[in-house]
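Take a look at the structure set out below.
Number of protein chains: 2
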Amino acid sequence: MKLNNKFRPAEILIFSYGAVGLLGTLLLMLPGAATGQTSFLQAWFTAVSALTVTGLTVVPTASHWTMFGQTVLLILMQIGGLGLMVFTTIFFMALGLRIQLAHRALIVQDRNTFSMAGILRLVKSIIILTLIIEGVGALLMAFLTPNLWDKGIGEGLFFVIFQSVSAFNGVGLDVTGQSLIIYRSYPALLCVYMVLIFLGSLGYVVLQEILVLRKWRRMSLHSRLVFWVTGMIIFIGTIFYFFSEYQRLLADLDLPGKIVESLFQAVTRTAGFTTVAVNNWTEPFIFLMIMMMFIGASPGSVGGGIKTTTVGTIILAIWAIARGRKEVVLWEREIAPESVTKAFTVAVIAMLLVSFSTLLIMVIEKLPFMPVLFEVVSALATVGLSMGITGELSPFGQILLTILMFIGRIGVLSLVIFLTKQEQRRLRYLKEDILIG
Amino acid sequence: MKLNNKFRPAEILIFSYGAVGLLGTLLLMLPGAATGQTSFLQAWFTAVSALTVTGLTVVPTASHWTMFGQTVLLILMQIGGLGLMVFTTIFFMALGLRIQLAHRALIVQDRNTFSMAGILRLVKSIIILTLIIEGVGALLMAFLTPNLWDKGIGEGLFFVIFQSVSAFNGVGLDVTGQSLIIYRSYPALLCVYMVLIFLGSLGYVVLQEILVLRKWRRMSLHSRLVFWVTGMIIFIGTIFYFFSEYQRLLADLDLPGKIVESLFQAVTRTAGFTTVAVNNWTEPFIFLMIMMMFIGASPGSVGGGIKTTTVGTIILAIWAIARGRKEVVLWEREIAPESVTKAFTVAVIAMLLVSFSTLLIMVIEKLPFMPVLFEVVSALATVGLSMGITGELSPFGQILLTILMFIGRIGVLSLVIFLTKQEQRRLRYLKEDILIG
Ligand SMILES: [K+]
Ligand SMILES: [K+]
């Protein structure tokens, strides 16, 4: 654990994202990257949007960027997604948090072997897992996407690779020209997207447990909490959409189609693909979506938001308070008090950020409340769903959104730690931790 | 400190409020209470609104209720306001929290004398202070209210007493027929209302220190935090309103009038009186008001919301995290970790309540987002400002609002504690506490 003295993870995270973002911006401004003119702000916004895996756009991805420009976006998305998984996994380990039972044993028993060699092994394993999942996703898309080969093998292959990378990394950028609205009547294809988005939203720790170690029965506390909270959110979102839109937006689909589309709305909260324009949703569902986006994905994953485990910990903590207990207990294990404090802190800081950003944009852009709130949460939670106002914003508003995407990407706690001088942290090993934020 | 074994404060609070609320409902349903017909729900809603010092209405107070009905409301408001001050002050003491330096000395040095006799002395002191402030307020109103004596001495006296009690107890019910809109051009009168509302929002502990003990220079940590946060909120609200409405709603007033009216909007966030209809405000100010109402008044006061000290503690805690410090420090004193945890918990629980109530009402009443959010926060923070939808709500929506008013009155933490079986609390005396919630 000598890492802790050599670099400050939050700083590395911020500076490397900033540098890659700037490089991406410059590449996107090259003459061959776009079919028309690209301003610096447009290039910067798009590069940040791809790198932070948000997927908000100010120019249409499919028509504005050339194959070269789209390749730059593809690489930025992959760096953003991978970087995130790699960085956050290492980051949490470097802070001395045991992120699963298996790792705990490793760290406690043989602390000195968790060195650069261990990290390289971890990085290699994350990259391999990512490429396998993306590859399988692209392959399935190649079979299921209609009219894929019309423009030839090369473009077809690029298309499925772009879409698969965008889905697994929860970006939501698309080269279809209108998100997944054209695939509404292809439920099997939508299921491929959903599985990719879902896997991407779980985080590497969980993926390793279920896909590599296959510990279905003896999952860690962390993984079980991730599955419970994610499951609850998807269940509530699906049921809510199914019943409120049954006679409206779902009317033209058959029952399996209705179910898949309802499920899709709940799953896409971390990715930002759409099968219907956001503005067509009912106001209650838009508000529910704001809440679901705010919660977001799981720690160490490619998605944003305050994270599923944060919400799970908060609910358990409220339950503990109600029972008059000091300890927050889950499946006969105690969640470390530091994790509980962090959960509440992350939620409140995120709420403050959302509130003040919304107020600021409302005042300056003179736009109504709900679309601004939606766009702010979508940016901070790196979702990328839009009620359509992002393109209308002044440079100030767009810059504020890019800042929110950055904060959402590195996490609010990293931001707070980065902004100020920090004392040396002490490592602790005695209690079971839940990742927060 | 034997109180703790004899009753559970949260239970006493809830049952006594419930009983008084029901008695008030029955009195309001008597034939002589109203000029027309009154349904049970209308009487219940109005009684709860007066008792919880919220001030939301489903029937017009001035025209619907007779002098007898208004007297019932007057008594309910006074019980609600006093009861709250008395109960919460005792409640916090019974929990072993030292609420100011003077009290700390008392409790620590002579623990056994804090008995029923001590409590009776405290209650007496709170009642006397309340009656003096309300009396002075009514007297000043008698001189400053235009056309007061038109209907005779009796009605005039009742009028100023009702208004003064409503203002000091932060209720916001009025017998003018249209809140304070008719007094827009009487800045001196508005200042009387503002001072009453302001004093009522500080809480008994602070009032005692500044009015009885006159410890202006050596105020407790608690009182100083109350003044700082309250001051900041009023400052921000006033400035925001002044500049955004300078050319609009403030256009017809002279400069002192403009300043008083701007100040009034920021102060009334705990009381709910208005000088302009809420619907005329700009959307950004409505959203700022939602935030200000959510924060609300100070602990142990007649006002609701998550409380000024909660927000102060949260800001200090975030600052401490940013500095990498474990201790939350304010003016060279440490805020107890339990207070910090409570602050974050209260804020998050209140946010959850607001979110789910808003979603529920939107779904069932098919009303747009912002007015519902406004009304929900107004009810939970017992403010009573309205965008006009309360009267339109179905019985379900109105009952939900009365529940929110009740929760807002007893506090979210009391609710959580009440709803479940609680283990015995241990008393602590070693750290400096800040009241939360
Ligand atoms: K996204
Ligand atoms: K009120």
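Chains A and B, in that order, give the protein sequences. The first sequence runs 252 to 688 under my numbering. The second sequence runs 252 to 688 under my numbering. Just so it is clear, CB atoms sit at the ideal spot from N, CA and C, and this is done for glycine as well. Since this is a predicted model, take the numbers as computed values, not measurements.
Output the boundary residues of the alpha helix (DSSP H) element that contains residue i.
i: Gln498 (chain B); result: Gln498 (chain B) -> no alpha helix (DSSP H), and no H or E assigned at all.
i: Arg660 (chain A); result: 646 to 661
i: Thr297 (chain A); result: 291 to 302
i: Val627 (chain A); result: 620 to 631
i: Met445 (chain B); result: 438 to 453
i: Ile510 (chain B); result: 506 to 518
i: Val411 (chain A); result: 404 to 419
Report yes if the C-beta of residue i is less than 8 Å from at least one heavy atom of ligand 2; otherwise report no.
i: Ala298 (chain B); result: no
i: Val309 (chain B); result: no
i: Val443 (chain B); result: no
i: Gly388 (chain B); result: no
i: Gly662 (chain B); result: no
i: Gly454 (chain B); result: no
Under the criterion of a Cβ to heavy atom distance below 8 Å, does residue i qualify as lining ligand 1?
i: Thr305 (chain A); result: yes
i: Met523 (chain A); result: Going by the sequence as given, residue 523 (chain A) is Gly instead of Met. The answer is yes for Gly523 (chain A).
i: Gly423 (chain A); result: yes
i: Thr693 (chain A); result: Given that chain A is displayed from residue 252 to residue 688, the structure contains no residue 693 (chain A) and the question cannot be resolved.
i: Gly272 (chain A); result: no
i: Thr633 (chain A); result: yes
i: Gly482 (chain A); result: no
i: Gly554 (chain A); result: yes
With which residues is residue i paired in a DSSP beta bridge?
i: Gln429 (chain B); result: B:Leu431
i: Trp316 (chain B); result: B:Ala285
**Report entry** Complete beta strand (DSSP E) runs within the segment 543 to 600 of chain B (minimum length 3 residues, chain order)
**Finding:** Correct list: 579 to 581, 584 to 586.
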